[in-house]
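Numbering (numbering that gives the first Met the number 0), first residue to last: 0 to 163.
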Amino acid sequence: MIEAHAYACQCGAVSVALRGRLIVRAVCYCDDCQAASQRVAELLDGTAIAGPDGGTDYVLWRKDRLTVDGADKLWRFKLRDGSITNRAIAGCCGTPMFIDFDGGPHWVSLLADRFASAPGPVDLAINVRFAPNPDAVPAPKHDKVPLSMIAKLIGARIAMTFGR
Ligand SMILES: [Zn+2]
Ligand SMILES: [Zn+2]
């Protein structure tokens, strides 16, 4: 099934064309996501990536099924020197856009609130042990990354390998 999704920065100079469908939608409460959100908010005058409860609502998408238009305007923030994880910010208007990686992982973590319309319901919450208030996080929630989510990521990798 082919679905069309609109995904762009606030001013529209950077957009992401998406093909196919998401791998999984997961809200992450890990300490790195929270720390990066806070640092980015300091750099961008308060534009945080995480929500008020500390969770960042990610939509994971195969990186061979998306194309970034205006990629030259992206600025990549690393929480630590040498980390493979990048928080990509649209430099034109200071909009957090997505997380991608230097090599390694085969997906891009898009931000659910940048979609013009929701790409599907939240599948699960992960790394909830770091949430400021874990009891308030809606189920299904997991202290770490559960095998069910890892299986979806591996499944996407296998499908990529076979060109599907
Ligand atoms: Zn922009
Ligand atoms: Zn995280």
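For glycine and all other residues, C-beta sits at the position ideal for the given N, C-alpha and C.
> When the Cα atoms are used, what is the spatial distance from glycine 11 to alanine 111?
Replying inline: For the purposes of this step, residue 11 is identified with residue 12 of the sequence shown, where counting begins at 1. For the purposes of this step, residue 111 is identified with residue 112 of the sequence shown, where counting begins at 1. Here the alpha carbons of alanine 111 and glycine 11 stand approximately 16 Å from one another.
> Is it the case that the CB of alanine 16 approaches a heavy atom of ligand 1 more closely than 7 Å?
Replying inline: Along the sequence shown, one-based indexing puts residue 16 at 17. Taking non-hydrogen atoms of ligand 1 into account, the C-beta of alanine 16 is found less than 7 Å away from none of them.
> Are there 16 or more other CB atoms within 10 angstroms of the CB of serine 82, so buried, or fewer, so exposed?
Replying inline: Translated into positions along the sequence shown, residue 82 becomes position 83. Exposed, because fewer than 16 other Cβ atoms sit within 10 Å of the Cβ of serine 82.
> If you draw a straight line from the alpha carbon of alanine 34 to that of valine 13, how long is it in whole angstroms?
Replying inline: Residue mapping note: residue 34 aligns to position 35 of the sequence shown, counting from 1. Residue mapping note: residue 13 aligns to position 14 of the sequence shown, counting from 1. If you draw a straight line from the Cα of alanine 34 to the Cα of valine 13, it comes to about 25 Å.
> Can you name the residues that DSSP bridges to proline 95?
Replying inline: Indexing the sequence shown from 1 puts residue 95 at position 96. Paired residue(s): Ile88.
> Between proline 29 and the rest of its own chain, which residues show a CB-CB distance below 7 Å, the 5 nearest in sequence each way excluded?
Replying inline: Translated into positions along the sequence shown, residue 29 becomes position 30. In the sequence under discussion, the amino acid at residue 29 is cysteine, which differs from the proline named in the question. So the list reads Asn126 and Phe129, once near-sequence residues are dropped.
> Helix or strand or just coil, what does DSSP make of arginine 163?
Replying inline: Start at 1 with the first residue of the sequence shown, and residue 163 comes out as number 164. Coil at arginine 163, not helix or strand.
> Do the stretch 105–121 and the stretch 53–65 touch if we need at least three Cβ pairs shorter than 8 Å?
Replying inline: Yes, the stretch 105–121 is in contact with the stretch 53–65.
> Out of Ala138, Thr84, Cys92 and Ala117, which has the shortest C-alpha to C-alpha gap to proline 104?
Replying inline: Start at 1 with the first residue of the sequence shown, and residue 104 comes out as number 105. Nearest of Ala138, Thr84, Cys92 and Ala117 to proline 104, Cα basis: Thr84.
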